[in-house]
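Numbering (the working numbering), first residue to last: 1380 to 1670. Cβ coordinates follow ideal geometry from the N, Cα and C atoms, glycine included. All values reported here derive from a predicted model rather than from experimental measurement.
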Amino acid sequence: MNAFLYLLTVLIWGSTWIAIKLQLGVVAIPVSIFYRFGLASAVLLVALIALGRLQRLDRRGHLLCLGQGLCLFCLNFLCFYSATQWISSGLVSVVFSASTLWNALNTRLWFGTRIAPRVVLGGAFGLAGLALLFQPEVAGQAATHETLLGLGLALLGTLCFSTGNMLSSVQQRAGIGPLTGNAYSMLYGSLILLAGCVLTGQPFDFDPSPAYVGALLYLAIFGSVVAFTAYLTLVGRIGPARTAYCTVLFPVVALSISSVAEGYRWTPYAVAGLALVILGNVLVFARRAPG
């Protein structure tokens, strides 16, 4: 089950870049993110209510979901979308892959869990591998104030993502299932986005084209309901640090798709980077030697 959830998350998130790309243009980015998580939360809540599986939450449970919604389904995406205005998507992916290391550190700070050296080493290999995969973009990034701003936003987005992982882990330890936790967290995240869009005067345009609508449905149902539920279920099953290695693998899937759809060419740097990513994956998920 763990392997299935892991593979499902990597494959879906590795393909969402196409859908995100199709959403850019007519509709403002914060509004598109609001549409995504507003639809995702509605679908999840209706399904859980219909199946009688929506848990009742106390005040603490709702506060945990509010925090997760703010971090994971609002600030996280706003930071990364905004960061791509000043730095390349490849560099954003490299920064985001550091969530493996941040999750290991935060797990120690939040829960006192010992950081397994192989997880840290595997995360470092994965980070180095992604740097090689995106070497042309990373090397070609000019060192400007805009670059620093983009890097700062990407780092803030990574910290928000990691904090959201910790809050999900707290939820599950309190008996809140990932489905209920996601449903309320996405609802709160979308409401925060809605309030932000209203306060900043964002126009609520909508693109009725098949490409935009199809991308929205894919991101809401598969990219949000399915993938986030699978990912956060893994957080509860194998821990935040190991689960976060997904963030290293899905850019590899994205590049593999790009090689077919957009003619991406695998350079020696990219092949070496892929080898490091695979090695990191082996280290992260290696079984402990019997003591």
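Beta-carbon separation of residue i and residue j under 8 Å?
| i | j | result |
| --- | --- | --- |
| Phe-1664 | Arg-1621 | yes |
| Asn-1544 | Ala-1623 | yes |
| Gly-1404 | Ala-1633 | no |
| Val-1627 | Ser-1476 | yes |
| Leu-1470 | Val-1499 | no |
| Leu-1457 | Pro-1515 | no |
| Ser-1603 | Met-1565 | yes |
| Gly-1508 | Gly-1659 | yes |
| Ala-1533 | Ile-1466 | yes |
| Ile-1617 | Gln-1434 | no |
| Leu-1662 | Arg-1497 | yes |
| Leu-1596 | Phe-1413 | no |
| Gln-1402 | Tyr-1591 | yes |
| Pro-1557 | Thr-1492 | no |
| Gly-1529 | Ala-1462 | yes |
For residue i, does the count of other Cβ atoms within 10 angstroms reach 16, so buried, or fall short, so exposed?
| i | result |
| --- | --- |
| Leu-1527 | exposed |
| Met-1380 | exposed |
| Phe-1383 | exposed |
| Gln-1464 | exposed |
| Thr-1646 | exposed |
| Leu-1689 | Since the first and last residues shown for the chain are 1380 and 1670, residue 1689 lies out of range. |
| Pro-1669 | Annotation note: pLDDT 38 at Pro-1669 (below 50); position unreliable, no value reported. |
| Val-1656 | buried |
| Ala-1594 | buried |
| Ile-1399 | buried |
| Ala-1649 | buried |
| Val-1473 | buried |
| Ile-1391 | buried |
| Leu-1578 | exposed |
| Phe-1490 | exposed |
| Ser-1411 | buried |
| Thr-1523 | exposed |
| Leu-1488 | exposed |
| Thr-1395 | buried |
| Ala-1419 | buried |
| Ala-1518 | exposed |
| Ser-1478 | buried |
| Gly-1448 | buried |
| Gly-1580 | exposed |
| Ala-1606 | buried |
Thinking residue i and residue j are a contact (beta carbons under 8 Å), I'd like their distance in whole angstroms, please.
| i | j | result |
| --- | --- | --- |
| Gly-1652 | Leu-1511 | 3 Å |
| Pro-1582 | Ala-1407 | 7 Å |
| Ala-1562 | Leu-1424 | 5 Å |
| Val-1422 | Ile-1600 | 7 Å |
| Phe-1416 | Ser-1547 | Phe-1416 to Ser-1547, Cβ: 15 Å. No contact. |
| Thr-1486 | Pro-1589 | Wrong, their Cβ atoms sit about 43 Å apart, outside the cutoff. |
Can we count residue i as close to the ligand MG, meaning its CB is less than 7 Å from some heavy atom?
| i | result |
| --- | --- |
| Val-1639 | As far as ligands go, the structure on display features none, and thus does not contain the ligand MG. |
Examine the Cβ distances between the stretch 1421 to 1437 and the stretch 1503 to 1518 and report whether three or more of them are shorter than 8 Å. no
Alpha helix (DSSP H) runs contained entirely in the stretch 1444 to 1486, provided each spans 4 or more residues: If we require 4 residues or more, the alpha helix (DSSP H) runs fully inside the stretch 1444 to 1486 come out as 1455 to 1462, 1468 to 1476.
4 or more residues per run - each alpha helix (DSSP H) lying fully within the stretch 1583 to 1659: 1589 to 1596, 1606 to 1617, 1619 to 1622, 1625 to 1640
Length at least 4, wholly inside the stretch 1553 to 1577: the alpha helix (DSSP H) runs in chain order: none
Kindly confirm or deny that the stretch 1533 to 1551 and the stretch 1387 to 1401 touch, where touching means at least three C-beta pairs closer than 8 Å. no
Which runs of the alpha helix (DSSP H) fall wholly inside the stretch 1402 to 1449 and span at least 4 residues, in chain order? 1408 to 1430, 1438 to 1449
Mind pulling the alpha helix (DSSP H) runs of 4 or more residues that sit fully within the stretch 1482 to 1550? You should have 1496 to 1512, 1514 to 1518.
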